[in-house]
Each structure stands twice: as C-alpha cells, then as structure tokens.
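The block underneath contains the structure these notes are about, expressed in structure tokens.
In full-length UniProt numbering, the protein residues as written are 1 to 423.
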C-alpha cells in the first residue's frame, strides 16, 4: 500500500517563502480583512495599517522564522499585504494618501511573475474588475488578491506574454462575460471618476499589448468584440480628456483605434462619433488641420453608410446618416477655411500622410450630394409609376392594415452594437 503524504499542498508557491505555504491563521486574518471591504464597509486607516503590519508579523515565533529566512519572508508578506489592500477602492485611496500605490505595481509583478504558469493561468481566467476599475487576480486556496500592474504588461522579467494578455482580456468562461465586456459595462454605468488614473494606465497598456501594433481588424473577427473595444477606448479617452490628462495618455490614438474598431464592426455612426471626438481633441490642441481631417473621415463613413442603407431599403436610417454626414462635411469646410483652404484633403498635400487613413471610399460632398439626388429621383419615379398603375383593392385581415413598404427607424448606438449598422 503506498504511503500517504501528510505534507500539505503549497498554497503560496512563491520562491524563497518558507514551505511555500501560508498558515491557517494568516489566511484567517486575510479573510477577516477582506470581509470588511466586501461587505461595503470602509475600514479606517488605522485598521488598514494594523492589517498590513500584523499580516507580516504574527507573533514572536513568526518573527523569528522570518529572521531565519534572511528577511525574504517579511519582504514577500509586505508585498502581498500591499497588493491585497490595492485591490479595493478605499484601500487604493489609502495607499495613494500614503504614497504607496506606485509601489504596488512592482509588488504585483514580483509576486505574480514568480508563480508557476498553471497558477497564473487559473488566476487570469478568474480575473475580475474592481470598484475603481482595477483588474483583480486572486490566488487560489488563500483568497490573496493581486492587482494587475503596468510592470506585468511591459517587457521586463516576469511580464505577461502576448498570449497571456489576450487570454486575460478576451477569455470567456462558459456563458460569463469576457474581462473586456465587464469593463465596458462598468464604463457605461458608473461615474466619471471610474476608473482611477492608475487603473486607466493599466487598461490602456493592456489593450495596446493586445493590439500588438497590428491592424485593428486583426484584434478579433467578432463584430461584437470589436464594438466592445471601440466603446471601451472611446469612453476611456473621454474620461481622461475630461481630467486633463492629455500629456499622460495617447488620447487621439485611442480615439483613432476606437473609430477603426467600430468601422470594422460595421457600426458607422459610432465610428463617426469617435472621429468627431478626435477632431474636438485636435481642435483643443490648436491643430485645426487634423481636426478637419478627422471630420472629413467621419463624413466619408457616414456618407458611405447612408448610400448603402438606402440601397437596401432602410430609408429612415439612411436619412439619419445623411444628416450627420452633412454636418461633418460642414464642420470640415469650416475648419479648413480658417487656415485658407477649402477641404481637409488639400492640407495633406502640403504636410504628407494623414495620421489616420480614410475608412472606406473617399466621397467628396459634391459626389455624395449627386449620388443622393439620383436615388431620390429614382424613388420618386417609382412612386409616381406605382400611384398611376390601377390596382385591385387590398383586403387586409380584420384588425390589420396593409403595409406595402416596411419602415425602419434610427436606432441609437451602444457599446455592444448598432442595430441599424449590423443587419
């Protein structure tokens, strides 16, 4: 009969930590502290200080064992305590007041990066979004929580691979939402202070790592996922712009990526919204040339959508896109006129390539107006012919009305899809 081992399975597989196991008393203290936050409470600064201190030193014996490990045990536990506190909104506020939040970035890289690959994979597939927009990873069997930091998204030792980054952002466990979808839902529901600035950096870095310098259409073949990406980037850019953080974040590039994601998701109105917002950002910076160009692209996208919608009989939606296209064309002309040209395209002849290429076909307003007038004329001719042709009476079932032409209404865009764009 084989011998049964009584050695407990390591629950804290961090190199240089004694036995790679957290004691039951330490896990109990961790659980007690977690319940204070999870119950909606906000522990005092003193309570948080006490937890961080006692988690690293639980009595004289524990202190002696820490000394015998050349101080590694204490350093690891201090990192773990800061990480755990940094996964709760009020805890992040506490660390920010104590000028410790920036240290959590490296703490999380040291802890998470040292774990076995199988443990890291489990933690990433169970990742969640915290109350300040922070990404929270939980170590199995202990309840220890670690916030994803920017160092893990860099290129240094222990940083996540491109595959791991995509798994983290896009993984769907059965019917559960991906992390990207959960973040997008949060952006649509909570106040403008969500996420906090540090979490904004993490999300921007995470998305950039996922894009990996490739064309946006390669991010995903799923239109819903591309719409989620477009929404997350635009909502994030809007919050950062409102906070005046243009010097810290590539806001215009975020909006450009958002527009391209929406374009490939076949959501033209949302695409144009991102482009017009990008134009506003350039205008605030005093770059009228690029502001005009952003509106030029928006007009193109909307004009193309208007013509396509008209051709498939979705006339009400087509008319909505036509009105928006006319507004974008007018804005382009007005901005270009302030620097002495008629169209944004003329500016590009002077300065070279555009920061964002055209999305779809280039449709000058004169051509669009001609195309639109032609379609209107054809419809009027068809209606005239239809009304002059003798017809038998239509007998609809009792209680119903004859409906010779289907009617479509404009639908508003959301982070998941535009019903008017995706049929």
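Idealized CB from N, CA, C, for every residue including glycine.
From a predicted model like this one, the values you see are computed outputs, not experimental measurements.
Task: Cβ-based burial, residue 312 [other Cβ within 10 Å; buried from 16] - done: exposed
- [ ] Could you pull out every unbroken alpha helix (DSSP H) segment of at least 4 residues lying fully inside the region 154-184, listed in chain order?
- [x] Listed in chain order, they are 162-170.
Task: Alpha-carbon spacing of residue 227 relative to residue 365, whole angstroms - done: 28 Å
Open item on the list: Going by C-alpha to C-alpha distance, which of 240, 297, 142 sits closest to residue 24?
Closed with: 142
Open item on the list: Whether or not the region 272-280 and the region 292-300 are in contact is what I'm after, with contact meaning three or more pairs of Cβ atoms, one per stretch, closer than 8 Å; do they touch?
Closed with: yes
Task: Proximity below 9 Å, CB of residue 361 to CB of residue 304 - done: yes
- [ ] Kindly indicate which three-state DSSP category residue 382 falls into: helix, strand or coil?
- [x] helix
Open item on the list: For residue 232 and residue 180, which I take to be in contact (beta-carbon distance under 8 Å), what is that distance rounded to the nearest angstrom?
Closed with: Correct: roughly 6 Å between the Cβ atoms.
TODO: State the CB to CB distance for the pair residue 144 and residue 84, rounded to an integer number of angstroms; the pair is presumed to be in contact (CB under 8 Å).
DONE: 6 Å
TODO: Assign residue 9 to one of two classes, buried (16 or more other C-beta atoms within 10 Å of its C-beta) or exposed (fewer than that).
DONE: exposed
Task: Residues near residue 294 in its chain [Cβ-Cβ closer than 8 Å; skip 5 each side] - done: 275, 276, 278, 279, 282, 356
Task: Integer-rounded CB distance, given that residue 26 should sit under 8 Å from residue 52 - done: Residue 52 to residue 26, Cβ: 13 Å. No contact.
TODO: Please go through the same chain and pick out, in chain order, the residues whose beta-carbon is closer than 8 Å to the beta-carbon of residue 352, but skip the five residues on each side of it.
DONE: Any reading at residue 352 must be qualified, since the residue scores a pLDDT of 48, below 50, and its modelled position is unreliable; the value itself is stated next. Its chain contains no residue whose beta carbon lies nearer than 8 Å to that of residue 352 once the 5 sequence neighbours on both sides are disregarded.
Task: Cβ neighbours of residue 259 in the same chain (closer than 6 Å, five flanking residues each side left out) - done: 271, 274, 275
Task: As assigned by DSSP and simplified to three states, the class of residue 128 - done: strand
TODO: Please classify residue 363: does DSSP put it in a helix, a strand, or coil?
DONE: coil
Task: residue 137 in three-state terms, based on DSSP - done: strand
Task: Span of the alpha helix (DSSP H) around residue 268 - done: 268-284
Open item on the list: For residue 145, list the residues DSSP reports as bridge partners.
Closed with: Answer by DSSP bridge pairing, in chain order: 138.
TODO: Would you mind stating whether residue 89 and residue 191 have Cβ atoms separated by less than 9 Å?
DONE: no
Open item on the list: Taking the alpha carbon of residue 185 as the reference point, which residue from 245, 335, 309, 131 has its own alpha carbon closest?
Closed with: 131
- [ ] Answer with yes or no whether the minimum CB distance from residue 204 to chain D is below 9 Å.
- [x] No chain D is part of this structure, which consists of one protein chain only.
Open item on the list: As a quick exercise: from 338, 269, 17, pick the residue whose alpha carbon is nearest that of residue 325.
Closed with: 269
TODO: Look at the Cβ atom of residue 154, then the Cβ atom of residue 107, and state whether they are nearer than 9 Å.
DONE: no
- [ ] Starting from the C-beta of residue 129, find all residues in its chain whose C-beta is less than 8 Å away, skip the five residues before and the five after it, and write them out in chain order.
- [x] These residues qualify, in order along the chain: 135, 136, 179, 182, 183, 186.
Task: Beta-carbon proximity of residue 198 to residue 103, cut-off 9 Å - done: no
Task: residue 295: first and last residue of the uninterrupted alpha helix (DSSP H) it sits in - done: 288-311
- [ ] Pull up the distance between the alpha-carbon of residue 208 and that of residue 216, whole angstroms please.
- [x] 11 Å
Task: Among 340, 224, 96, the one whose alpha carbon lies nearest that of residue 170 - done: Per the Cα distances, 224.
TODO: Under 8 Å Cβ to Cβ from residue 61, same chain only, skipping five residues before and after it: list those, please.
DONE: At residue 61, the pLDDT of 49 sits below 50, so the modelled position is not reliable; the number obtained from the coordinates is stated separately. Nothing listed; no residue qualifies.
Open item on the list: Just verifying my parser: in three-state terms, what is the DSSP assignment at residue 400?
Closed with: Here residue 400 scores only 45 on pLDDT, less than 50, and its place in the model should not be relied on; the value that follows carries that caveat. DSSP places residue 400 in coil when its eight states are reduced to three.
Open item on the list: Here's the rule: buried if 16 or more other CB atoms are within 10 angstroms of the residue's CB, otherwise exposed. What is residue 50?
Closed with: exposed
TODO: Classify residue 247 as helix, strand or coil using the three-state DSSP reduction.
DONE: coil
Task: Beta-carbon proximity list for residue 82, same chain, < 8 Å, skipping 5 on both sides - done: Around residue 82: 52, 95, 100, 103, 104, 107.
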